[in-house]
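What follows is a set of notes on a single structure, which appears directly below.
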Ligand SMILES: [Zn+2]
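Residue numbers (our numbering): 6 to 340.
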């Protein structure tokens, strides 16, 4: 009789302890990375969690960041809203298909490796997870005569790729993407530190200079420049009369600024990007009466470039070829 009581006690304990252990493991695996997530700081090497589930028929629990509401949507219906929020509908069909596969993979990764959100798989804030827009809101922003045609085009891109995700070693990849790489993509470690993913190498694309996202400038007065640096580094002193008051001291292999010196303060190119609101960390500086940052590319530069994808599609590349170009050594699989 005593034995039975002991067995029952052990069983009850296990029932309570196991969920606690698994919940903690899940939290540890919370990978702070995202497609357009500009606030991602650190990436940690993902661990294997559970077998991938079929994405095709999965319901996505979508958190609406502004209202806190959670909406459940079938995977592909959810992806109509992601693709139409993340990529212009006038891009090539193969680029839209590549975006659909990338967005599905990103979502699967969140489901498979663990979401940042407690009761949802993913949210609709592009600075946290990936953007999503409702059909109504999307239609309101499109010209009336193009609405149905655009929506049809995006639905086709999602439907034609249904169930397809990008894998590496049989697992969904952390499918980063950005707007314009400025000709060369960046490795993860140069943006957020941590370890590199083997499938996210620096690659080159031609044709991105044909898009408005390719180049931009930010001009500030010398006083504004110093004030912005001092918000974070109050001890900074810049003598504008010396030969190089501001100088780029190191570049990454992809040509982005790795470190830059403002007077007596040394910061990373990624940090300079945040402080001065630059579209990318690929820039040079001209100092005259004022300070001008000439910027190339748009976004963190990791993974697929959307304008690069469109440019490749224009030269006849398929969605699969585009994906294999931006993600090294991957497979596209139905799982
Ligand atoms: Zn989120």
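We treat Cβ as the ideally placed atom computed from N, Cα and C, and that holds for glycine.
Within the continuous alpha helix (DSSP H) that includes residue i, where are the two ends?
| i | result |
| --- | --- |
| residue 157 | 152-164 |
| residue 316 | 311-319 |
| residue 106 | 98-118 |
| residue 181 | Neither: residue 181 is in no alpha helix (DSSP H) and is coded neither H nor E. |
| residue 284 | Counting along the chain, residue 284 falls outside any alpha helix (DSSP H), and DSSP gives it neither H nor E. |
| residue 271 | Here residue 271 belongs to no alpha helix (DSSP H); instead the beta strand (DSSP E) covers 270-273. |
| residue 243 | Looking at the DSSP string, residue 243 is not in any alpha helix (DSSP H), and its letter there is neither H nor E. |
| residue 234 | 227-237 |
| residue 196 | 194-197 |
| residue 327 | 324-331 |
With respect to 6 Å, is the separation between the Cβ of residue i and the closest non-hydrogen atom of ligand 1 below this value?
| i | result |
| --- | --- |
| residue 66 | no |
| residue 71 | no |
| residue 118 | no |
| residue 115 | no |
| residue 121 | yes |
Is the CB-CB distance between residue i and residue j below 7 Å?
| i | j | result |
| --- | --- | --- |
| residue 302 | residue 287 | yes |
| residue 314 | residue 100 | yes |
| residue 125 | residue 68 | yes |
| residue 296 | residue 268 | no |
| residue 105 | residue 88 | yes |
| residue 85 | residue 163 | yes |
| residue 337 | residue 325 | yes |
| residue 180 | residue 110 | yes |
| residue 191 | residue 278 | no |
| residue 330 | residue 183 | no |
| residue 174 | residue 216 | no |
| residue 66 | residue 77 | yes |
| residue 189 | residue 259 | yes |
| residue 263 | residue 245 | no |
Quick one: using the 10 Å Cβ neighbour count with 16 as the cut-off for buried, is residue i buried or exposed?
| i | result |
| --- | --- |
| residue 291 | exposed |
| residue 151 | exposed |
| residue 232 | exposed |
| residue 327 | buried |
| residue 79 | exposed |
| residue 274 | buried |
| residue 146 | exposed |
| residue 247 | exposed |
| residue 18 | Note that residue 18 scores a pLDDT of 42, beneath 50, so its modelled location is shaky and nothing firm can be said. |
| residue 91 | buried |
| residue 129 | buried |
| residue 132 | exposed |
| residue 316 | buried |
| residue 222 | exposed |
| residue 64 | exposed |
Within the continuous beta strand (DSSP E) that includes residue i, where are the two ends?
| i | result |
| --- | --- |
| residue 77 | 75-79 |
| residue 297 | 295-301 |
| residue 254 | 251-256 |
| residue 340 | First-last for residue 340: undefined, no H or E at that position. |
| residue 173 | 169-173 |
| residue 263 | 262-267 |
| residue 140 | No beta strand (DSSP E) holds residue 140; the alpha helix (DSSP H) holding it covers 140-146. |
| residue 64 | 64-68 |
Excluding the five sequence neighbours on either side, which residues of its own chain have a C-beta within less than 8 Å of the C-beta of residue i, listed in chain order?
| i | result |
| --- | --- |
| residue 289 | 253, 298, 299 |
| residue 333 | 203, 204, 205, 206, 208 |
| residue 319 | 97, 212 |
| residue 139 | 86 |
I'd like the list of long-range same chain contacts for residue i, defined as Cβ closer than 7 Å, with 5 residues on each side in sequence excluded.
| i | result |
| --- | --- |
| residue 270 | 234, 238, 241 |
| residue 194 | 200, 201 |
| residue 94 | 155, 158, 159 |
Which residues in the same chain as residue i place their Cβ atom closer than 6 Å to its Cβ, once the five residues preceding and following it in sequence are excluded?
| i | result |
| --- | --- |
| residue 116 | 126 |
| residue 266 | 252, 254 |
| residue 311 | 92, 184 |
| residue 229 | none |
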